[in-house]
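J.: Reminder that position 176 of the sequence shown reads as 176 in this note's numbering, one-by-one numbering, no gaps. A virtual CB, placed ideally from N, CA and C, is assigned to each residue, including glycine. In this text, all values refer to a predicted model and were calculated from it rather than measured experimentally.
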Amino acid sequence: MNISYIFDWKGSPNTGVPQKIDDQIKIWQKTNCKVKLYVIVPRKHSKEWENKAFKTLSYNNSLQRLWSRIKCSLLIMQDKNINLVYRRYSIWELTELLTIFLIPTVIEINTFNKIFFKNRSFFFYVIYLLQYSFVSKFCLGACTVTEELRALQSYKLIQKSSVFTNSISLAKFNEQPVENTGRKNKRLSFVFIGSDSFAWNGLERINQLAKSFPSFDFHIIGINEKQSKNIFSHGPLYGEKLVDFLQIMDFGISTLGIDKLKLKQAAPLKSRTYLACGLPVIGAYRDSAFPQNAEYFLELKYLINSNEIVNESELLGFINKWQGKRVDMSSLSPINNEIVKKNRIDFFNSLINSNKK
Numbered sequence: 001m002n003i004s005y006i007f008d009w010k011g012s013p014n015t016g017v018p019q020k021i022d023d024q025i026k027i028w029q030k031t032n033c034k035v036k037l038y039v040i041v042p043r044k045h046s047k048e049w050e051n052k053a054f055k056t057l058s059y060n061n062s063l064q065r066l067w068s069r070i071k072c073s074l075l076i077m078q079d080k081n082i083n084l085v086y087r088r089y090s091i092w093e094l095t096e097l098l099t100i101f102l103i104p105t106v107i108e109i110n111t112f113n114k115i116f117f118k119n120r121s122f123f124f125y126v127i128y129l130l131q132y133s134f135v136s137k138f139c140l141g142a143c144t145v146t147e148e149l150r151a152l153q154s155y156k157l158i159q160k161s162s163v164f165t166n167s168i169s170l171a172k173f174n175e176q177p178v179e180n181t182g183r184k185n186k187r188l189s190f191v192f193i194g195s196d197s198f199a200w201n202g203l204e205r206i207n208q209l210a211k212s213f214p215s216f217d218f219h220i221i222g223i224n225e226k227q228s229k230n231i232f233s234h235g236p237l238y239g240e241k242l243v244d245f246l247q248i249m250d251f252g253i254s255t256l257g258i259d260k261l262k263l264k265q266a267a268p269l270k271s272r273t274y275l276a277c278g279l280p281v282i283g284a285y286r287d288s289a290f291p292q293n294a295e296y297f298l299e300l301k302y303l304i305n306s307n308e309i310v311n312e313s314e315l316l317g318f319i320n321k322w323q324g325k326r327v328d329m330s331s332l333s334p335i336n337n338e339i340v341k342k343n344r345i346d347f348f349n350s351l352i353n354s355n356k357k
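1. Under a three-way DSSP split, which group does N14 fall into?
2. Looking at the unbroken beta strand (DSSP E) that takes in D259, where does it start and where does it end?
3. Apply the 10 Å Cβ neighbour rule to N201 and answer buried if 16 or more other Cβ atoms are within range, or exposed otherwise.
4. So who's on the other strand from I221, going by DSSP bridges?
5. Roughly how many angstroms lie between the CA atoms of K341 and A289, to the nearest whole one?
6. Could you work out which residue in L140, L188, F164, S167 is closest to K156 when comparing CA atoms only?
7. Can you give me the start and stop residues for the beta strand (DSSP E) that N2 sits inside?
8. According to DSSP, P42 sits in a beta bridge with which residue or residues?
9. Taking DSSP's pairing of strands, which residues face Y128 in a bridge?
10. State buried or exposed for R344, treating a residue as buried only when at least 16 other CB atoms are found within 10 Å of its CB.
11. Should A151 be labelled buried (16 or more other beta-carbon atoms within 10 Å of its own) or exposed?
12. Does DSSP put V163 in a helix, in a strand, or in coil?
13. Looking only at its chain, what residues have a beta carbon closer than 6 Å to the beta carbon of S154, apart from the 5 residues adjacent to it on each side?
14. Report the rounded CA-to-CA distance for W28 versus W49, giving the unit in angstroms.
15. Out of W92, K270, W322, I107, which has the shortest C-alpha to C-alpha gap to F124?
16. Shortest alpha-carbon distance to F173 belongs to which of Y86, L275, K114?
17. So what does DSSP say about N51, is it helix, strand or coil?
18. Out of L94, D23, E96, T15, which one is the CA nearest neighbour of G235?
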């Protein structure tokens, strides 16, 4: 199968989503797929992408970005060997919509786009509504990261979609059993990884935790946030530097504000990164990949209601259980890239075969 992967991204290839895509492509290539990655990116990051993408289309301003997207579509339509186009859900210009009509296209849905674009602006919301029925009708299929997101799509899209949770390459990390870290008598450290101050990060809820538990330290990577003396902000960390930092932490904090997108399920990449480094995770929503009551994940539902008194016993019970320990990777098969990505290729093949009938 020949796949053209289109990725419009505003940052470095070292951040979470590009790393996920890089792992994704490597696994697809192991299944005898040929993948061409087309990246649309600001010019300041273009050199970083040159050795990672089949084609890098760069820009300095909004008009140039639009032209880069058009050029990408034209390149795709000229390629006679494409079996499938894979791209993340967005609002598309006319040539991008034309590729969806002309070439079998599967879209990836990572958030509740209706609310996302409504929150962004009325203009984008109207454009989204106009394009939604077109996309539902003409795209070959869709991959969603949670069952909830799949259920929120149109009936036509639900019929040709499947759920593939965000996953991570566990093979990049040293497999190890649960063990003592030697940090039991030190101040406990909690970490949150971010790249921008998105509302769904729920930073105000991290502040709430920091104020409720002044004896704990809270570290935020990639976002400048300082509203309590036990909150420490750090610049962006990537690769080995990020892993080294996480290895001296005790607990990871997942996304805490996904309810602002009218959602009740989440599948954040940050949670997978924490777990791959052995950190137990605290969140505010059910993660679609984890079994109910997974011992390594604590769902603090009370955080959603900031007026509610913090349930100290629930959090402290989880902390006492995991303090000084690491998560055993053998329990993380639901987020193992090798399994999830191969299943996605099987889904692609089924869509293509159905389309030929």
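T.: Inspection of the coordinates gives the following:
1. coil
2. No beta strand (DSSP E) holds D259; DSSP gives it neither H nor E.
3. buried
4. According to DSSP, I221 bridges with I193, H234.
5. 14 Å
6. L140
7. 2-8
8. Y59
9. Paired residues: none, contrary to the question.
10. R344 counts as buried, since at least 16 other C-beta atoms from the protein chains shown sit within 10 angstroms of its C-beta.
11. exposed
12. Three-state result, V163: strand.
13. S136
14. 19 Å
15. W92
16. L275
17. When DSSP states are grouped into helix, strand and coil, N51 belongs to the coil group.
18. T15
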